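Number of protein chains: 2
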Amino acid sequence: MSVTFPIGFRAAAGAAGIKPSGKPDLCLITRDGPDSPGSGSAAVFTRNQILGAPVIVGKRNRARLLRGEIGPARAFVINAGNSNAATGDRGLHDADACMAAVGALLSCPPTAVFPSSTGVIGRVLPVDKILAKLSDLAAQLSRGPVADAAAAAAIMTTDLVPKTAQAERVIAGHLVRVGAIAKGSGMIAPRLDSATTTQAKGTMLAFITTDAAIASNDLQAALDEVASLSFDRISVDNHPSCSDTVAVLASGLAQAVKGAGRGLTAMEPLQRGTKDFAAFVAILAQVCESLADQIVVDGEGATRTFRVEVAGADSRDSAERLAREIINSPLVKCAIHGRDPNWGRIVTAAGNAGVPLDAAKMSLTIGPVEVYKAGLPIMDALKDPRLADAMAAKRVECKLVVGLGPASATMIGCDLSAQYVSINADYTT
Amino acid sequence: MSVTFPIGFRAAAGAAGIKPSGKPDLCLITRDGPDSPGSGSAAVFTRNQILGAPVIVGKRNRARLLRGEIGPARAFVINAGNSNAATGDRGLHDADACMAAVGALLSCPPTAVFPSSTGVIGRVLPVDKILAKLSDLAAQLSRGPVADAAAAAAIMTTDLVPKTAQAERVIAGHLVRVGAIAKGSGMIAPRLDSATTTQAKGTMLAFITTDAAIASNDLQAALDEVASLSFDRISVDNHPSCSDTVAVLASGLAQAVKGAGRGLTAMEPLQRGTKDFAAFVAILAQVCESLADQIVVDGEGATRTFRVEVAGADSRDSAERLAREIINSPLVKCAIHGRDPNWGRIVTAAGNAGVPLDAAKMSLTIGPVEVYKAGLPIMDALKDPRLADAMAAKRVECKLVVGLGPASATMIGCDLSAQYVSINADYTT
Numbered sequence: 001m002s003v004t005f006p007i008g009f010r011a012a013a014g015a016a017g018i019k020p021s022g023k024p025d026l027c028l029i030t031r032d033g034p035d036s037p038g039s040g041s042a043a044v045f046t047r048n049q050i051l052g053a054p055v056i057v058g059k060r061n062r063a064r065l066l067r068g069e070i071g072p073a074r075a076f077v078i079n080a081g082n083s084n085a086a087t088g089d090r091g092l093h094d095a096d097a098c099m100a101a102v103g104a105l106l107s108c109p110p111t112a113v114f115p116s117s118t119g120v121i122g123r124v125l126p127v128d129k130i131l132a133k134l135s136d137l138a139a140q141l142s143r144g145p146v147a148d149a150a151a152a153a154a155i156m157t158t159d160l161v162p163k164t165a166q167a168e169r170v171i172a173g174h175l176v177r178v179g180a181i182a183k184g185s186g187m188i189a190p191r192l193d194s195a196t197t198t199q200a201k202g203t204m205l206a207f208i209t210t211d212a213a214i215a216s217n218d219l220q221a222a223l224d225e226v227a228s229l230s231f232d233r234i235s236v237d238n239h240p241s242c243s244d245t246v247a248v249l250a251s252g253l254a255q256a257v258k259g260a261g262r263g264l265t266a267m268e269p270l271q272r273g274t275k276d277f278a279a280f281v282a283i284l285a286q287v288c289e290s291l292a293d294q295i296v297v298d299g300e301g302a303t304r305t306f307r308v309e310v311a312g313a314d315s316r317d318s319a320e321r322l323a324r325e326i327i328n329s330p331l332v333k334c335a336i337h338g339r340d341p342n343w344g345r346i347v348t349a350a351g352n353a354g355v356p357l358d359a360a361k362m363s364l365t366i367g368p369v370e371v372y373k374a375g376l377p378i379m380d381a382l383k384d385p386r387l388a389d390a391m392a393a394k395r396v397e398c399k400l401v402v403g404l405g406p407a408s409a410t411m412i413g414c415d416l417s418a419q420y421v422s423i424n425a426d427y428t429t
Numbered sequence: 001m002s003v004t005f006p007i008g009f010r011a012a013a014g015a016a017g018i019k020p021s022g023k024p025d026l027c028l029i030t031r032d033g034p035d036s037p038g039s040g041s042a043a044v045f046t047r048n049q050i051l052g053a054p055v056i057v058g059k060r061n062r063a064r065l066l067r068g069e070i071g072p073a074r075a076f077v078i079n080a081g082n083s084n085a086a087t088g089d090r091g092l093h094d095a096d097a098c099m100a101a102v103g104a105l106l107s108c109p110p111t112a113v114f115p116s117s118t119g120v121i122g123r124v125l126p127v128d129k130i131l132a133k134l135s136d137l138a139a140q141l142s143r144g145p146v147a148d149a150a151a152a153a154a155i156m157t158t159d160l161v162p163k164t165a166q167a168e169r170v171i172a173g174h175l176v177r178v179g180a181i182a183k184g185s186g187m188i189a190p191r192l193d194s195a196t197t198t199q200a201k202g203t204m205l206a207f208i209t210t211d212a213a214i215a216s217n218d219l220q221a222a223l224d225e226v227a228s229l230s231f232d233r234i235s236v237d238n239h240p241s242c243s244d245t246v247a248v249l250a251s252g253l254a255q256a257v258k259g260a261g262r263g264l265t266a267m268e269p270l271q272r273g274t275k276d277f278a279a280f281v282a283i284l285a286q287v288c289e290s291l292a293d294q295i296v297v298d299g300e301g302a303t304r305t306f307r308v309e310v311a312g313a314d315s316r317d318s319a320e321r322l323a324r325e326i327i328n329s330p331l332v333k334c335a336i337h338g339r340d341p342n343w344g345r346i347v348t349a350a351g352n353a354g355v356p357l358d359a360a361k362m363s364l365t366i367g368p369v370e371v372y373k374a375g376l377p378i379m380d381a382l383k384d385p386r387l388a389d390a391m392a393a394k395r396v397e398c399k400l401v402v403g404l405g406p407a408s409a410t411m412i413g414c415d416l417s418a419q420y421v422s423i424n425a426d427y428t429t
C-alpha cells in the first residue's frame with residue numbers, strides 16, 4: 001500500500017484525457033477529518049529558476065502556512081501529461097481553477113488544495129478536461145491497495161514502473177504510519193529547497209501521507225532534513241526540472257497501541273528536538289530513501305545504478321560536489337553501461353568539481369578492488385576478476401578517498417544507454 | 001597545410017606502437033633557427049584538478065619562461081594512445097625522459113621541448129617505444145602537406161577526421177602565417193587557464209605555429225584572449241580532461257612583403273596594445289575558432305551541432321553559465337538529435353545554471369522562429385514549418401534572451417546519439 005496506508009487518507013485516480021495515450025493522468029488524494037494541531041502539511045520544491053505554475057503556487061502557500069495565514073493542505077491534486085510550466089499568468093490561473101474545483105468538492109478552502117503537474121513543458125493545461133473528471137474522482141475516493149495502485153499509476157510519465165513505499169513504527173505510544181507514491185524517470189537530478197534555507201534542481205514528484213500528529217512547521221523541518229539526504233542524492237540526467245516537488249500531509253490520527261499505558265488518547269503533536277521526532281524522521285527517511293532509489297533504478301534507459309561515496313573531503317559541500325560531478329559525467333555513465341573499468345574517467349571527473357585536490361593523497365576503490373592509490377595506478381587491479389564482477393553488478397559501487405579532511409557524501413546515478421537516447425530524442429513529437 | 005605552413009617549422013610523425021591498433025601515434029614538430037626576440041612560445045592548459053604529467057611539466061615551464069628563467073619552447077613532442085595521467089612521479093620522470101631525448105636530438109635544452117600526451121588514463125607511458133622512434137622522426141622532419149597531414153593524423157584518438165587550420169595576413173609589412181593541428185572528439189569541454197589569471201576543463205589538444213615575431217609574454221597574452229573565445233566555447237560531453245592543452249610556437253621568420261617599403265628586414269616583435277598585435281590576435285582567433293568548431297563537429301557520436309547564444313544577461317559570466325548549462329543538458333542534446341522542438345528543456349536547463357532569472361522577461365528563438373516570449377509559449381510556433389527546418393539543420397541555432405542586462409555569450413555543443421554510447425561504453429576493454 002502507499003498513500004492510504006496511514007489512517008485518515010483516501011485516494012482516487014483516472015484518465016482525464018491529458019495524456020494522448022488515454023492512460024490514467026489525474027489523481028486526487030485527500031485527508032479526512034477536521035484540521036487539528038497535529039494535521040500539518042509541508043513541501044519542498046525545485047530550485048530551478050524556471051518554475052511550473054503549481055510550484056509557484058505551492059511555494060507561496062507554504063510561506064503563508066508557515067506564517068500562520070492559512071491552514072495546512074488537506075488534498076493533493078496531481079496531473080501527468082502536462083507540467084503547466086512556462087505558461088505564465090495563464091498557468092497560475094489554471095492552477096487556481098483546479099484548486100478551487102477541488103476545494104468546492106471537498107468543502108475546504110482552495111489554499112488547502114496542493115496542486116502538482118508533470119509532463120510536457122510550455123503547453124497550456126487542459127483545465128476543462130481536469131475539471132470534468134474531478135467530481136468522478138471525488139466520488140470514488142477510497143482506501144486500500146486498489147486506490148493506492150491507481151494513484152501511483154496516474155502520476156507516471158516515462159516511468160516503467162509505479163513507485164510506492166511505506167513504513168510504520170510505534171512512536172509515543174501510537175502506531176505511526178508513513179505511505180507514499182512517487183514518479184520520475186527523466187529530468188531527474190532533484191536539488192530541493194527547504195522552507196528555511198535557500199538553495200535546487202528533474203521532474204520527480206513524491207506525495208507522502210502520515211498519520212503522525214505533527215504541526216506544519218515541525219513537519220517542514222523533518223522534510224527538509226530528509227529530502228536533502230534522499231532525493232537530493234540521486235541524478236539520472238543532471239537536469240533538474242521546473243516541477244520537482246515532495247509534499248507530505250499529516251492526519252494526526254495514528255492509533256494508540258494497546259498496553260502502551262496511554263489509553264485511546266489522540267497522539268500529541270511531535271516536536272523538534274525530541275526522541276519521538278527523531279523516530280518519525282527515521283521512518284520518513286526510510287520511505288524517501290526507498291522512493292529515491294526506485295526513481296534512479298527506473299531512470300530513463302538505465303540498466304544499472306552507480307553509487308559513489310566520496311570520503312576524506314574538507315567539507316560536506318566539497319564531498320557532494322565531487323560525488324555529483326562523477327555520477328553526472330556522460331563518460332563515466334557510459335563506462336558503467338559498458339562494464340568498463342576505465343577509472344581514469346572517475347578520477348578526472350572529480351578533478352572537474354571545482355574542489356582543490358591533491359592527486360598524491362587520492363585513492364579509488366571499485367567494489368572490493370583498489371585501482372588507484374596515492375595518485376598512482378594499481379596495474380594488477382585491472383586483472384583482478386573481482387573488478388570485472390564489481391563492474392558487472394546491478395549496483396556498481398565505488399569509493400573515492402581524497403585525503404583532505406573528515407567529510408563524506410554519497411550520490412546514486414545510473415548508466416547511460418542507447419535506450420536513453422531513443423526515449424529522449426522523440427518525446428514530444 | 002598546417003603546422004609547417006608558417007616559415008621555420010618542420011614536422012614528422014609515425015607509429016611508435018603506443019596505440020594497440022598500430023596506427024601513427026607519435027609526432028614531432030620543431031622550430032628551426034636560433035632563439036631570437038621574436039621566437040616566443042605560449043600555452044594554456046586544463047583547469048582540471050587532476051593533471052596529466054605533461055601538463056604539470058608544461059605549466060611549470062610556462063611559469064619559468066615567463067619569469068625569464070628558461071628560453072621559449074622550440075619543439076612539440078606529442079603522443080596519442082596514452083595520456084600519461086594519474087601516473088604520479090613516474091609519469092613526470094617519463095615526460096622528462098621524452099624531453100631529454102628530443103633535446104639531445106635537436107641540440108636544445110630539455111626545457112625547450114614541450115611534451116603532450118593523450119589517450120587512456122592511468123597507464124604507465126611506454127617510454128621505451130617512444131624513445132626508440134624519436135630518432136627516426138628527427139631524421140624525417142620536413143615541411144609540406146605530407147608532413148602536415150602525418151602530424152594531424154598521429155595525434156588522433158577517437159577522432160574520425162584530422163583537424164587542421166591555417167591563416168595568413170600581412171602585418172607590419174610581413175606576411176604572417178599561422179598553422180595548426182588539433183585533436184579531440186570525446187572528453188571535450190575545455191576550460192583553459194591562462195598564465196595570468198586562475199580558472200579550467202576534456203582531452204582536446206591544439207598545436208599552433210606562426211612565423212610572426214612575438215615574444216613569449218605577448219604571445220601568451222594573445223593566446224589567453226583567443227582561447228577563452230574559441231576552445232572554451234565548445235563542449236561535447238561536459239567532461240574536461242586532465243590533458244587539455246593549446247600551445248603555440250613563434251619563429252619570427254615571417255617574410256617582408258615586397259613593396260611594403262621595409263625591405264627584407266626581419267619582423268620586429270609584435271607588442272600588446274598595438275594595431276599590429278590586434279591583427280595577429282585576429283588571425284590566431286580565426287585558426288582557433290576553426291579548430292574548435294571542427295572538434296565539436298567531430299564530437300563523439302555527433303551528427304549535428306547546436307549553437308546557443310544567450311543575450312541580455314547581467315554579466316558575461318552569467319551568460320556563459322546559462323549557455324553552458326543548455327548545451328550540456330543530455331535532455332537538450334537528445335532533443336537536438338531527435339529534431340524535437342521540445343524547447344521547455346532549453347528553458348529549464350537555463351533555470352539550472354545558478355543564475356537568477358525572471359521568466360516573464362525571457363524569450364527563446366530557434367532558427368528564425370520565436371517559440372517562447374515574455375514567459376509564455378507561442379503555440380502557433382510549433383506548427384511553423386521553419387521550426388522543423390531549423391531543428392533539422394546541420395547546425396541548429398537558438399537564441400535565449402533573458403532580459404536582465406547587456407551581456408551575451410555563445411556556446412557550441414552537439415547532439416547525443418546512440419553512437420556516443422557505443423563509442424564510450426567500450427573504450428579501454
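Quick mapping for you: the protein sequence lines, in order, are chains A and B. Heads up, the first sequence is in the working numbering, so the first residue is 1 and it goes up one at a time. Heads up, the second sequence is in the working numbering, so the first residue is 1 and it goes up one at a time. We put the CB at the ideal spot given by N, CA and C, even for glycine. Since the structure is predicted, the reported quantities are computational estimates derived from the model, not experimental observations.
Hey, could you find the ends of the beta strand (DSSP E) L404 of chain B is sitting in?
No beta strand (DSSP E) contains L404 of chain B, which DSSP labels as neither H nor E.
Residues in its own chain within less than 6 Å of F114 of chain B by CB, not counting five upstream and five downstream?
A73, F76, A247
Report buried or exposed for P356 of chain A, applying the criterion of at least 16 other Cβ atoms within 10 angstroms of its Cβ.
exposed
Under 7 Å, do A151 of chain B and A11 of chain B count as touching if we go by C-beta distance?
yes
Along the region 56-83 of chain B, where does the CB come closer than 7 Å to a CB of chain A? Name the residues.
none
Any idea which residues DSSP pairs A42 of chain B with across the strands?
B:V248
Cα separation between V236 of chain A and R169 of chain A?
32 Å
Are the region 303-311 of chain B and the region 394-403 of chain A touching, with three or more C-beta to C-beta distances below 8 Å?
no
Contact belief for L125 of chain A with N84 of chain A at Cβ below 8 Å, rounded distance in angstroms:
4 Å
How would you write the range of the beta strand (DSSP E) that Q166 of chain A sits in, first residue to last?
163-171
Is A101 of chain A close to chain B, meaning its C-beta is less than 7 Å from at least one C-beta of that chain?
no
CB contact below 7 Å: A425 of chain A versus chain B
yes
Which residue marks the beginning of the alpha helix (DSSP H) containing G179 of chain A, and which one marks its end?
No alpha helix (DSSP H) contains G179 of chain A, which is instead part of the beta strand (DSSP E) from 174-183.
With distances taken between CB atoms, is the gap from C432 of chain A to I366 of chain A smaller than 7 Å?
Outside the modelled stretch of chain A, which goes from 1 to 429, sits residue 432 of chain A, for which no answer is possible.
CA-CA distance, G351 of chain B and T265 of chain A?
48 Å
With 7 Å set as the bound, which would you pick, yes or no: does the beta-carbon of A407 of chain A sit closer than that to a beta-carbon of chain B?
no
Own chain partners of S318 of chain B with C-beta closer than 6 Å, once the 5 adjacent residues on each side are dropped
V355
Reduced DSSP secondary structure (H/G/I, E/B, other) of S135 of chain A
helix
Taking Cβ positions, are L364 of chain B and Y372 of chain B nearer each other than 7 Å?
yes
Does the Cβ of M379 of chain A have 16 or more other Cβ atoms within 10 Å, making it buried, or fewer, making it exposed?
exposed
Contacts around G17 of chain B, its chain only, beta-carbon distance under 6 Å, and the 5 residues preceding and following it disregarded
K129
CB of A212 of chain B within 7 Å of CB of A250 of chain B, strictly
yes
Can you have a look at T274 of chain B and say buried or exposed, based on whether 16 or more other CB atoms are within 10 angstroms of its CB?
exposed
As a quick exercise: from B:L253, B:A167, B:W343, B:P406, pick the residue whose alpha carbon is nearest that of D35 of chain B.
B:L253
Opposing strand residues paired with I29 of chain A [DSSP bridges]
A:A11, A:F76
Can you tell me where the alpha helix (DSSP H) holding K275 of chain B begins and where it ends?
275-297
With distances taken from CA atoms, which of B:G14, B:T4, B:G22 is nearest L134 of chain B?
B:G14
Could you tell me the boundaries of the alpha helix (DSSP H) in which K59 of chain B lies?
53-66
Determine the DSSP secondary structure at N82 of chain A, reduced to helix, strand or coil.
strand
Between the Cα of L219 of chain A and those of A:M362, A:L92, A:I283, spot the shortest distance and give me the residue it belongs to.
A:I283
Would you tell me roughly how many angstroms separate the C-alpha atoms of G8 of chain A and T210 of chain A, rounded to the nearest one?
9 Å
Delimiting residues of the beta strand (DSSP E) encompassing K364 of chain A
According to the sequence displayed, residue 364 of chain A carries Leu and not Lys. 363-366 is the extent of the beta strand (DSSP E) around L364 of chain A.
First and last residue of the uninterrupted alpha helix (DSSP H) at K333 of chain A
330-337
Beta-ladder partner(s) of Q255 of chain B, from DSSP:
B:L175
Among the residues of its own chain, which have a CB less than 7 Å from the CB of E325 of chain B, if the five just before and after it don't count?
A349, A350, N352, A353
Chain B within 7 Å of C108 of chain A, Cβ atoms only
no
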